[in-house]
Amino acid sequence: MLCIYQWPGNVRELENTVERLVITSGIPEVDVALVKEVLPFKGPKPTSLPVIDFLMPLQEAIDLVEEQLINMAMEQYKSLKLAAKVLEVSQPTMSRKYKKLRNKMEEASFSPVDKRAILEEQINQRLRSIAVVTAAIIPAEEVISLQKNMNRQTSFSQKLKQKLTMIQEKEGVIEWVFIFIMTEDGRLIHLVADKGFVIEPGKNIWVPGNGQCRLPGV
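Numbered per the numbering used here, the sequence shown finishes at 198, counting up by one with no gaps.
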């Protein structure tokens, strides 16, 4: 509590306050309640309401005031613990809110190029993760066998389709999971996919040279 106080009177005020605390305390240890009685932590309350000249959602206004108070407390005390005491919230709450605010400020400072690079990296990580999961669930032998019989109605094809659907639903943020092969002339041939994929097995996904891409939605 003594660290939170601003001490406008500097060392002289600190000396007088400690002397007063020692004299007025009836117990060997000075507690927080006595410190609050001696030091004026609460400033004068405003006599008028703040002026707001435009309407905004109530939650947005609350969030804006909260961000300003957190920034003010951190700029003044440079400590999550002290800022939490001043704002009368728990230290974990203060830490969580300040981290969220920092992330928001950092994101706002990114240029479009930076944002695109971050997005591409996240996409690449997700795709690599899906590839690893797919390779672990579907052995290469099953894919080789599928090449010999690409009829989507066979029980073997349906089994692989269920596995890919499970991967797609588990990931959640992706549209399709599918397996294809590349021929010697560069064509991509669809083999099997999750239940939401609309291209029939054996059809071309990509034909080099003519710019035809048959991916759903593309």
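C-beta: ideal position from N, C-alpha, C; glycine also.
In this structure the segment 80 to 92 does not lie against the segment 111 to 128, because fewer than three pairs of beta carbons, one per stretch, are closer than 8 Å. Inter-residue distance for residue 41 and residue 65 is about 23 Å (C-alpha atoms, whole angstroms). In summary, residue 173 is buried, with 16 or more beta-carbon neighbours lying within 10 Å of its beta-carbon over all protein chains present. Judged by their CB atoms, residue 78 and residue 88 are not nearer to each other than the 9 Å cut-off. DSSP, read as helix, strand or coil, puts residue 185 in strand.
Between residue 171 and residue 186, the C-beta gap is not smaller than 9 Å, which leaves the two residues out of contact.
With fewer than 16 other beta carbons inside 10 angstroms of its own, residue 116 counts as exposed. Apart from sequence neighbours up to five positions away, the residues of its chain that approach residue -6 with a beta-carbon distance below 7 Å are -13, ordered along the chain. Between residue 159 and residue 118, the gap from beta carbon to beta carbon is short of 9 Å. CA-CA distance, residue 17 to residue -19, rounds to 12 Å.
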